[in-house]
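> So the mapping is simple: my numbering equals the position in the sequence shown, first residue as 1, plus 54.
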Amino acid sequence: MQSLISDAVDYKGNAADRTTTGGWVSAALILGIEVCERMATMGIVVDIVTYIVGTMHLPSATASNVATNFGGVSYLFCLLGGLLAYTFFGRYWTVVIFAIINAPGTCMLAITTALPQLHPPPCKASALSNKCEEANGFQMGVFYLALYVYGIGLGGIKSSISGLGTDQFDQKDDKERAHMVYFFDRFYLIINVGTLLGVTVLVWIQDQKGRSW
Numbered sequence: 055m056q057s058l059i060s061d062a063v064d065y066k067g068n069a070a071d072r073t074t075t076g077g078w079v080s081a082a083l084i085l086g087i088e089v090c091e092r093m094a095t096m097g098i099v100v101d102i103v104t105y106i107v108g109t110m111h112l113p114s115a116t117a118s119n120v121a122t123n124f125g126g127v128s129y130l131f132c133l134l135g136g137l138l139a140y141t142f143f144g145r146y147w148t149v150v151i152f153a154i155i156n157a158p159g160t161c162m163l164a165i166t167t168a169l170p171q172l173h174p175p176p177c178k179a180s181a182l183s184n185k186c187e188e189a190n191g192f193q194m195g196v197f198y199l200a201l202y203v204y205g206i207g208l209g210g211i212k213s214s215i216s217g218l219g220t221d222q223f224d225q226k227d228d229k230e231r232a233h234m235v236y237f238f239d240r241f242y243l244i245i246n247v248g249t250l251l252g253v254t255v256l257v258w259i260q261d262q263k264g265r266s267w
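1) State the CB to CB distance for the pair residue 152 and residue 106, rounded to an integer number of angstroms; the pair is presumed to be in contact (CB under 8 Å).
2) Measuring CA to CA, which of 189, 248, 217 is closest to residue 171?
3) Quick check: residue 200 and residue 248, are their CB atoms within less than 8 Å of each other?
4) Three or more C-beta pairs under 8 Å: does that hold for the stretch 248-264 against the stretch 87-96?
5) Could you tell me the alpha carbon to alpha carbon distance between residue 174 and residue 84, rounded to whole angstroms?
6) Residue range of the alpha helix (DSSP H) that residue 196 falls in?
7) Going residue by residue through the stretch 101-144, where are the continuous alpha helix (DSSP H) segments of at least 4 residues, counting only ones entirely within it?
8) Less than 6 Å between C-beta atoms, sequence neighbours within five positions excluded: which residues of the same chain meet that for residue 265?
9) Can you look up residue 53 in the DSSP assignment and give me helix, strand or coil?
10) Helix, strand or coil: how does DSSP classify residue 97 here?
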């Protein structure tokens, strides 16, 4: 079997060598990225409305708008990520660039829940009025920045991550083509495993330990 693949290049732009690039090592890392992304995203999605209403003390209508806008930003940037991948950077560098964008958003979201300065104080149980102090402009600004930075990174990753998986296998080789089919079966499984963990384990941690965890 010829080691160099004539119609494929590595991330440096050189002809891909099947002995040093691609294969199941790279594919397994992609599956790992996907399960982590699904866990993080679903952990945010299932909690965002209750966080805005219960912690930021904003109306449910505002919370619903934020959740909808977050989803919209994520999917709009799928289009931009796909455009960048197919016209400029390729799938690998598109995933790398948007992962670098996504990581600070994840950290900022964690910080907003942990630091008391970034959300209003809890409602006092003894207060005669049910009116709670709403999040101020600065607190919401930091929260929006974190949320939408995460959404932008998420969209770019989603646009190319599955295609990057196919790049790890040579479609012209019968054995590797079979591996590609196997990869996609596992990719779909991983999506569902990550989603399940996000809506069960992360929700349990939130209920038992608090959002700052």
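By construction, the Cβ of each residue, glycine as well, lies at the ideal position given by its N, Cα and C atoms.
Quick answer:
1) Not a contact, Cβ separation roughly 25 Å.
2) The shortest Cα separation from residue 171 among 189, 248, 217 belongs to 189.
3) no
4) Contact holds between the stretch 248-264 and the stretch 87-96, because three or more Cβ pairs, one in each stretch, are under 8 Å apart.
5) 39 Å
6) 191-220
7) Taken in chain order, the whole alpha helix (DSSP H) runs of length 4 or more contained in the stretch 101-144 are 102-108, 114-138.
8) 167
9) The shown model of the chain, from 55 to 267, leaves out residue 53, and the question about it has no answer.
10) Residue state, collapsed to three classes: helix.
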